[in-house]
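Before any comments, here is the structure.
In the numbering used here, the protein residues as written are 160 to 746.
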């Protein structure tokens, strides 16, 4: 069971802990029995995960887990004084099936001695109940070094899914596993199960069990995957997606039932739009005030509901997840006569290898798209509020998305309404031979990025701008704004700004080997990506900027392998390709 960590702002969490009286339940009848593992004698870890089972029956909505842990050292015994799992009591129930200790060829069943505690967390937003989550903790006070601990439990139910359609994701923890892992899934024989394996060559064994069809996967321990330099959208994880849909139309139609986009806006929504746009004549201004309202006044809950909340509920409560905020925005735009619809996306951009993986599991985010003057414009209602008109609002490059509209038959390559220019000047002076330096940055940027940060500056100050710029541009998150003198200039009403960063302390900017070859960082980390060509993945990460002008000024020293005084770089990064990347060094 995957535990979800919730990040709530203005969200008091009421937690109640208590001892839980648990009776062990029999194993589900549909399970396949796997052999008990035999620990080896050469483990290096303190606590060793030697066996994992995950079996799922889609017809009964039962999830079964079994774990075996070997206590190799005293430290390992301390690490497993307790084992816990989470479930959602609003939608799910649980059973503990087996808790025992395998010791010297004996099995000690922990029935009467079973110590279980539970903690219920109830989440409220603005005094309104939103969700709860329950943690079950199993204690192993009797365990000793050399024991093999076995835990098995079942969770039944879940949030209302896409009207019964099968979507399942496996993420095998093969780098932590020191034995074998099995995954088995059963579903109705009515449809064929398909799967997409990413970064592995594992094949499924197809099975049949009492009128159900099944897939079975087995995994063995291997070292962590080598992760080459790739963009965020290119998945480096070891994953398997299981699904039964045969087309994107089928997935889109199921989402349509959840969003209920054919329902007309309520009077509550219409009245709010009238209130916001009462003093405006131009349609673009009316659209913009609605978009600003959604981003600024409706608090974003980073929590994935399958069914969005009703627009009038979101309007009343003042908060919502990405689907709920998008649906409210769609209905408010409809009040202005603007056609709009949800778009299901992946927040880091969709990997090309998923284009025929007809599963909702490949997505994790929802935005909206609307029509204006024969053009379609994407809008992400979950981002921080932004200044500027409807064309100037920043939207990440999601690459592909599933438009939730009638008769949609496939994924769409999403348009980039991205206008960003960057002029960066860095004056770098070396202070001593210990790689300590001072760097004065002048970063001028125009377009969506400036638009995004200007409002952030007005609301939260210059330090927040520094944090976002250091993340978006410098990719150097471990520098503290308290150690810099910061100046920020912006042109009112224009998506243009300039951030000047002067250091109060010396920092390490150069990386090198034996004082022979030095590269400035974070410059190369983000803009140059100077990496070993053998470590290049099949795709690269390139900056989003369409125009980049960079000027780096170095005080020349004989330890540098740069040309003296000044180096200037100006490239069209979009046309940059793998051949020139490898053959022509950027420095």
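For each residue, glycine too, the CB sits at the ideal point set by N, CA and C.
Given residue 502, which residues of its chain have a CB within under 6 angstroms of its CB, disregarding the five upstream and five downstream residues? Your numbering for residue 502 matches position 343 in the chain shown. Cβ within range, chain order: 526, 528, 560 and 562.
Going by C-alpha to C-alpha distance, which of 490, 494, 507 and 508 sits closest to residue 500? For the purposes of this step, residue 500 is identified with residue 341 of the chain shown, where counting begins at 1. The candidate whose alpha carbon is nearest that of residue 500 is 490.
Beta-carbon contacts of residue 234 that lie in its chain and below 8 angstroms, excluding the five residues immediately before and after: Locating residue 234 in the chain shown gives position 75, where the first residue counts as 1. So the qualifying residues of the chain are 205 and 206.
Going by the CB atoms, is the gap between residue 396 and residue 330 shorter than 8 angstroms? Position 171 of the chain shown, counting from 1, holds the residue named residue 330. Position 237 of the chain shown, counting from 1, holds the residue named residue 396. Contact: yes.
Return the CA-CA distance between residue 461 and residue 481, expressed in angstroms with no decimal places. Position 302 of the chain shown holds residue 461. Position 322 of the chain shown holds residue 481. Between residue 461 and residue 481, the C-alpha separation is close to 7 angstroms.
Is there contact here, the region 246-258 with the region 177-197, by at least three beta-carbon pairs under 8 angstroms? yes
My guess is that residue 198 and residue 336 are in contact by the Cβ rule of under 8 angstroms, so how many angstroms apart are they, rounded? Mapped onto the chain shown, residue 198 falls at position 39. Mapped onto the chain shown, residue 336 falls at position 177. About 13 angstroms; that fails the 8 angstroms criterion.
Please return the same chain residues whose Cβ sits closer than 7 angstroms to the Cβ of residue 287, not counting the five positions on each side in sequence. On the chain shown, residue 287 is found 128 positions in, with the first residue counted as 1. For residue 287, where only same-chain residues beyond five positions count, the Cβ hits under 7 angstroms are 476.
For my contact list, residue 229 and residue 250 are in at a C-beta cut-off of 8 angstroms; report their separation, rounded to the angstrom. The residue labelled residue 229 in the question sits at position 70 within the chain shown. The residue labelled residue 250 in the question sits at position 91 within the chain shown. The pair is not a contact, with the Cβ atoms about 34 angstroms apart (cut-off 8 angstroms).
Separation of residue 414 from residue 318, as counted between CA atoms: Along the chain shown, read from residue 1 onward, the residue named residue 318 stands at position 159. Along the chain shown, read from residue 1 onward, the residue named residue 414 stands at position 255. Their Cα atoms are separated by approximately 15 angstroms.
If you reduce the DSSP assignment to three classes, tell me which class residue 560 lands in. By one-based count along the chain shown, residue 560 stands at place 401. Strand at residue 560.
When the Cα atoms are used, what is the spatial distance from residue 417 to residue 273? Counting from 1 along the chain shown, the entry for residue 417 is found at position 258. Counting from 1 along the chain shown, the entry for residue 273 is found at position 114. Computed Cα separation, rounded: 42 angstroms.
Between the region 237-244 and the region 362-380, are three or more C-beta pairs nearer than 8 angstroms? no
Is the separation between the beta-carbon of residue 391 and that of residue 508 shorter than 8 angstroms? Looking up residue 391 in the chain shown gives position 232. Looking up residue 508 in the chain shown gives position 349. Yes, the pair counts as a contact, with Cβ atoms nearer than the cut-off.
Excluding sequence positions up to five away, which residues of its chain have a Cβ less than 6 angstroms from the Cβ of residue 521? Counted from its first residue, the chain shown places residue 521 at position 362. Closer than 6 angstroms at the Cβ level, and outside the excluded window around residue 521, lie 513.
Distance CB(residue 470)-CB(residue 495) smaller than 8 angstroms: By 1-based counting over the chain shown, the position of residue 470 is 311. By 1-based counting over the chain shown, the position of residue 495 is 336. It is not a contact, given that the beta carbons lie outside the stated cut-off.
What does residue 259 pair with, by DSSP beta-bridge criteria? Reading the chain shown from its first residue, position 100 is the one you call residue 259. Answer is 268 and 309, bridged to residue 259.
Decide if residue 192 is buried, meaning its Cβ has at least 16 other Cβ atoms within 10 Å, or exposed. The sequence position of residue 192 within the chain shown is 33, counting from 1. Its Cβ having fewer than 16 others within 10 Å, residue 192 is exposed.
Check whether the region 562-573 touches the region 603-622, counting contact only when three or more Cβ pairs, one atom from each stretch, lie closer than 8 angstroms. no
Of the choices 403, 369, 356 and 409, whose alpha-carbon is the least far from that of residue 394? Residue mapping note: residue 394 aligns to position 235 of the chain shown, counting from 1. Per the Cα distances, 356.
Would you report the Cα separation of residue 483 and residue 468, rounded to the nearest angstrom? If you number the chain shown from 1, residue 483 lands on position 324. If you number the chain shown from 1, residue 468 lands on position 309. Straight-line Cα distance between these residues: approximately 5 angstroms.
First through last residue of the beta strand (DSSP E) which encompasses residue 317: The residue you call residue 317 lines up with position 158 of the chain shown. Segment: none, residue 317 is in no beta strand (DSSP E) and carries neither H nor E.
Contact under 8 angstroms by Cβ, residue 661 with residue 644: To locate residue 661, count along the chain shown from 1; it is residue 502. To locate residue 644, count along the chain shown from 1; it is residue 485. Yes, the pair counts as a contact, with Cβ atoms nearer than the cut-off.
Spatial neighbours of residue 675 within its chain, please: CB distance less than 6 angstroms, with the 5 preceding and 5 following residues excluded, ordered by chain position. Translated into positions along the chain shown, residue 675 becomes position 516. Unreliable placement is indicated for residue 675, whose pLDDT of 43 sits below 50; no coordinate value is reported for it.
For residue 315, which residues from the same chain have a beta carbon less than 8 angstroms from its beta carbon, with the 5 sequence-adjacent residues on both sides left out? The residue labelled residue 315 in the question sits at position 156 within the chain shown. Counting only Cβ-Cβ distances below 8 angstroms, and skipping sequence neighbours, we find 219, 220, 221, 222, 251, 252, 253 and 254.
Tell me residue 345's beta-bridge partners as DSSP assigns them. By 1-based counting over the chain shown, the position of residue 345 is 186. Answer is 216 and 373.
Quick check on the burial criterion: 16 or more other C-beta atoms within 10 angstroms. Buried or exposed for residue 365? As a first step, residue 365 must be located in the chain shown, where it is residue number 206. Per the 10 Å Cβ criterion, exposed.
What is the DSSP secondary structure of residue 501, reduced to helix, strand or coil? Here residue 501 refers to the residue found at position 342 of the chain shown. If DSSP states are grouped into helix, strand and coil, residue 501 belongs with the strands.
Counting only the same chain and skipping the five closest in sequence on each side, list residues whose C-beta sits under 6 angstroms from that of residue 518. Numbered from its first residue, the chain shown carries residue 518 at position 359. Contacts found: 326, 400 and 402.
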